[in-house]
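Once you know that position 303 of the sequence shown is 302 in numbering that gives the first Met the number 0, the rest is easy, because the numbers rise by one and skip nothing.
Just so it is clear, CB atoms sit at the ideal spot from N, CA and C, and this is done for glycine as well.
Data block below; observations after.
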Amino acid sequence: MGFTMREGGFTVSDYVAFGILCIASCAGGIWYSAIGSRTKAVVDIRDYLLGGRHMSTFPVSLSLIASYVSGVTILGTPAEIYNYGLQYWLIVVAIFISCVIVSVIYMPVFCLLGLSSSYEVLFLPMVVYVPALAFNQLTGFNVFAVAAVMVVICGIYTVLGGLKAVVWTDSVQTGIMFIGVLLVAVAGTVAVGGVTNVHEIAQRTGRFDLSNWSFSPYERQTGWGAIVGGTLYWTCFNSVNQTMVQRYISLSTYKKAVQALAIFCFGAIIAICLCVWCGLTAWAAWTLGGCDPHGVPIVDDRLLPAFVTYVSKVQHLPGLSGVFLAGVFGAGLSSLSAVLNACALVGVEDIMRGWLRLQLKPLVEGIIARLISAVLAVVSVVMLIVIEKLGGVLGVATALSAIAASTSCGIFTLGMVCWWVGPKGAISGAFAGALVAGTISLGTQAAAAEGLRVPPLNFSATCPHNLTFKLLKMNVDPETVFPLFRISYHWIAPLGLLATITVGAIVGWLFDKKASLRTDLELFTPLIWRCLPQEYHDKGGETRRQIAAKDLLRSGQVASTPLIETKPEGKVNNTEIEINGEVPQKS
């Protein structure tokens, strides 16, 4: 029995496994929703949005993994490997480097000041679409109907339970996701004859090749693109993305935040490796089965659901498709709930308190935060109309999220590193970065919609006996497309980040008034404290004390302390400082 990419169908055992695991994964969120709806979480906005800043390290780590490993990763990565080979796997190196950069440069500033908001990327429709697509492939149910049910389930525990419900639900869903993908990887390997067989087939057909280190930005997958471009993209995502920052500061100390980031790094790398291996096993199954024309690259994101059905039939594993789909759903629900909760925090902190300067009662703020989550949940379903028209989810997700990620990271980097940059430099840099990343991202998606595709790795020698292939035919000549619109998605975020920092730094140096920019050294990354003029050191701690004073006025309670203590000489002491302690005074 060969793998044909036409497999599908759900048995009774699959429905049972899927139902049990989904109920188990959502039970914790519903429980916290019930508790939160009748306790102080209703009126304590900090408890609702930040978990009271007393969350445990391991659940937060799993929630960080869930924020990153969405259905986009689970379905998109195997298809990428199947079509273009192992080169994308080098992204694991980029993830490790980015986590080191975040822990050293960005995290100390957020933890020291105890800031509760950075920004958020509205990437909701993508994380809703992918699980619905998988469900459609296996069961035939309408994508929009599945997405609506998914949003309702997720919306209930996110709107009512807040961050605690999200984090604890993420923990269970992350476990189910790992179990589902691991089972598919193991069973798929057995189905095609073992690890050695998968490796030999991938090696023989060029899918195991890591030798492409071309500097050309037009090649979809290269070593430099995955490592350099991937490092800058994931630094943008992990450093100032609201879903990530919100979890860092839900922990009581900087040390715990670093530990959570380290666990996230390990978990994300394992998840990527499993998905990559699933892509290789699917490729091996297709070639061993006679290279059915329906599985000819380029395949879409329905690859893994079809492969799961194939494996469950070959290995006689009833319920495997249900377990896998529960994992995909869990990953999607985790990402969706994370973004909904983070957007609620942005609405309260940045828009209401920051921009509009509204001082509302905690109960009113809590209601508004919940309304924001509910409205965005509905918007995510409506936007599926657009997402359905785009190409492969991995490239699309990376390209679209790169617009906000690169621009926001660039602005924060300017603020944390370039002390000469003020409002003029920041605004100019933001405009330049958004223009560059937005133009390239939207341009590449428009070209893809017109029919431009990157050809897959050559496979004609793999199945020379099969002459019925309908090879990829592009409706657009690549040479007629504007060069920037043919660039690999790995380079969109780096170009946006480079434009933001370069333009912002130059404009700030030329036009911002230096005297008005002398401010608190704690607003800068500790790496450059020794480079700052004495005036910055003299004002050290001002921002933190202002935040603490506002907390006192708002809640009437003891103000929060920083997660990192500032030493007079400008060093950071990574000690276990409890969040409810006394605010340390400046020496």
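Same chain, Cβ closer than 7 Å to Leu466, neighbours up to 5 away in sequence not counted: What you label residue 466 is simply residue 467 of the sequence shown in a count that begins at 1. Low confidence applies to Leu466: its pLDDT is 48, below 50, so where it sits in the model is not reliable, and the reading given next is rough at best. So the list is empty, once near-sequence residues are dropped.
DSSP-derived helix/strand/coil call for Gly353: Looking up residue 353 in the sequence shown gives position 354. In the structure shown, Gly353 adopts helical secondary structure according to DSSP, grouped into three states.
Span of the alpha helix (DSSP H) around Leu620: Residue 620 lies beyond the stretch modelled for the chain, which goes from 0 to 586, so this question has no answer here.
Helix, strand or coil at Gly75 [DSSP, three-state]: For the purposes of this step, residue 75 is taken as residue 76 along the sequence shown, with counting starting at 1. Looking at Gly75 - three-state DSSP - the assignment turns out to be helix.
Beta-carbon spacing of Ile64, Thr173 below 8 Å: Indexing the sequence shown from 1 puts residue 64 at position 65. Indexing the sequence shown from 1 puts residue 173 at position 174. With a cutoff of 8 Å on beta-carbon distance, Ile64 and Thr173 are scored as near each other.
Gln220 - DSSP class collapsed to helix/strand/coil: By 1-based counting over the sequence shown, the position of residue 220 is 221. Of the three classes helix, strand and coil, the one that applies to Gln220 here is coil, per DSSP.
Cβ separation of Val132 and Asp300, assumed to be a contact under 8 Å, to the nearest whole Å: Here residue 132 refers to the residue found at position 133 of the sequence shown. Here residue 300 refers to the residue found at position 301 of the sequence shown. First, the amino acid is wrong: residue 132 is Leu here, not Val. Indeed, because the Cβ distance is near 6 Å, the residues count as touching under 8 Å.
Sequence-distant residues of the same chain with beta carbon closer than 7 Å to Val59, five excluded per side: Looking up residue 59 in the sequence shown gives position 60. Excluding positions up to five away in sequence, the list reads Val166, Arg246, Ser249, Leu250 and Ala259.
Residue range of the unbroken alpha helix (DSSP H) whose run includes Thr438: Taking the sequence shown and counting its residues from 1, one reaches residue 438 at position 439. Where Thr438 is concerned, the enclosing alpha helix (DSSP H) starts and stops at Pro422 to Glu449.
Three-state secondary structure (DSSP) of Phe177: Here residue 177 refers to the residue found at position 178 when the sequence shown is read from its first residue. Of the three classes helix, strand and coil, the one that applies to Phe177 here is helix, per DSSP.
Beta-carbon contacts of Val380 that lie in its chain and below 6 Å, excluding the five residues immediately before and after: Against the sequence shown, residue 380 aligns to sequence position 381. Non-local C-beta neighbours of Val380 in its own chain, meaning closer than 6 Å and more than five positions away in sequence, comprise Ala146, Ala147 and Val150, ordered along the chain.
Cβ neighbour criterion (16 or more within 10 Å) applied to Arg203: Walking along the sequence shown from the start, residue 203 turns up at place 204. Label assigned to Arg203: exposed.
Member of Ala504, Ala376, Ala401 and Val180 whose CA lies at the smallest distance from the CA of Val416: Position 417 of the sequence shown, counting from 1, holds the residue named residue 416. Among Ala504, Ala376, Ala401 and Val180, the Cα nearest to that of Val416 is on Ala504.
Own chain, CB closer than 6 Å to Trp88, minus 5 neighbours either side, in chain order: Numbered from its first residue, the sequence shown carries residue 88 at position 89. Within the same chain, Trp88 has close Cβ partners Val275.
Distance between beta carbons of Leu137 and Phe9, contact taken as under 8 Å: Counting from 1 along the sequence shown, the entry for residue 9 is found at position 10. Counting from 1 along the sequence shown, the entry for residue 137 is found at position 138. About 5 Å; that satisfies the 8 Å criterion.
Sub-8 Å separation of Val327 and Leu20 beta-carbons: Numbered from its first residue, the sequence shown carries residue 327 at position 328. Numbered from its first residue, the sequence shown carries residue 20 at position 21. No, Cβ-Cβ distance for Val327 and Leu20 is not below 8 Å.
Selected residue, minimal CA-CA separation from Leu339, among Glu6, Ile178 and Gly154: As a position in the sequence shown, residue 339 is number 340, starting the count at 1. Ranked by Cα distance from Leu339, the options Glu6, Ile178 and Gly154 are led by Gly154.
Among Glu541, Asp519 and Thr542, the one whose alpha carbon lies nearest that of Leu603: Any question about residue 603 goes unanswered here, given that the chain covers just 0 to 586.
The stretch 273-290 / the stretch 427-443 touching (three or more Cβ pairs under 8 Å): Flag = no, the stretch 273-290 and the stretch 427-443 do not touch.
Beta carbon of Val129 nearer than 8 Å to that of Gly70: As a working mapping, residue 129 is identified with position 130 in the sequence shown. As a working mapping, residue 70 is identified with position 71 in the sequence shown. Against a cut-off of 8 Å, the Cβ pair of Gly70 and Val129 comes out as a contact.
Nearest residue (CA-CA) to Ile546, options Trp528, Arg452, Cys25 and Glu521: Counting from one through the sequence shown, the residue named residue 546 turns up at place 547. Looking from the CA of Ile546, the closest CA among Trp528, Arg452, Cys25 and Glu521 belongs to Glu521.
Euclidean distance between Cα positions of Glu493 and Gly224: Here residue 493 refers to the residue found at position 494 when the sequence shown is read from its first residue. Here residue 224 refers to the residue found at position 225 when the sequence shown is read from its first residue. Per the sequence shown, the amino acid found at residue 493 is Pro instead of Glu. Pro493 and Gly224: Cα-Cα distance of roughly 10 Å.
DSSP state of Phe143 mapped onto helix, strand, coil: In the sequence shown, counting from the first residue as 1, residue 143 sits at position 144. Residue state, collapsed to three classes: helix.
C-beta neighbour in chain C for Tyr309, strict 8 Å: Within the model displayed, chain C is absent; a lone protein chain is all it includes.
Beta-carbon proximity of Ala267 to Val68, cut-off 8 Å: The sequence position of residue 267 within the sequence shown is 268, counting from 1. The sequence position of residue 68 within the sequence shown is 69, counting from 1. Here Ala267 is near Val68, since their CB atoms are less than 8 Å apart.
Helix, strand or coil at Lys512 [DSSP, three-state]: Within the sequence shown, numbered from 1, the residue matching residue 512 stands at position 513. In the three-state DSSP reduction, Lys512 falls in the coil class, being neither helix nor strand.
Beta-carbon gap between Leu182 and Leu324 smaller than 8 Å: Taking the sequence shown and counting its residues from 1, one reaches residue 182 at position 183. Taking the sequence shown and counting its residues from 1, one reaches residue 324 at position 325. At least 8 Å separates the beta-carbon of Leu182 from that of Leu324.
Helix, strand or coil at His315 [DSSP, three-state]: In the sequence shown, the residue the question calls residue 315 occupies position 316. Here His315 sits in coil by DSSP.
Cβ separation of Gly365 and Ile402, assumed to be a contact under 8 Å, to the nearest whole Å: Sequence index remark: in the sequence shown, residue 365 carries index 366 (1-based). Sequence index remark: in the sequence shown, residue 402 carries index 403 (1-based). The pair is not a contact, with the Cβ atoms about 31 Å apart (cut-off 8 Å).
Own chain partners of Val227 with C-beta closer than 6 Å, once the 5 adjacent residues on each side are dropped: Locating residue 227 in the sequence shown gives position 228, where the first residue counts as 1. Cβ-Cβ distances below 6 Å link Val227 to nothing in the same chain once the five nearest sequence neighbours on each side are left out.
Distance CB(Gly1)-CB(Leu287) smaller than 8 Å: Here the question's residue 1 lines up with position 2 in the sequence shown. Here the question's residue 287 lines up with position 288 in the sequence shown. Against a cut-off of 8 Å, the Cβ pair of Leu287 and Gly1 comes out as a contact.
8 Å Cβ cutoff met for Gly409 and Gly428: As a first step, residue 409 must be located in the sequence shown, where it is residue number 410. As a first step, residue 428 must be located in the sequence shown, where it is residue number 429. Yes. Within cutoff.
Exposure of Ala448, with buried meaning 16 or more beta-carbon neighbours within 10 Å: Within the sequence shown, numbered from 1, the residue matching residue 448 stands at position 449. Classification of Ala448: exposed, given that the 10 Å Cβ count is below 16.
Cβ neighbour criterion (16 or more within 10 Å) applied to Gln533: As a first step, residue 533 must be located in the sequence shown, where it is residue number 534. Label assigned to Gln533: exposed.
Chain-order list of residues whose beta-carbon lies under 7 Å from that of Pro296 (same chain, five-residue window excluded): Translated into positions along the sequence shown, residue 296 becomes position 297. So the list reads Tyr81, Asn82, Pro455 and Phe458, once near-sequence residues are dropped.
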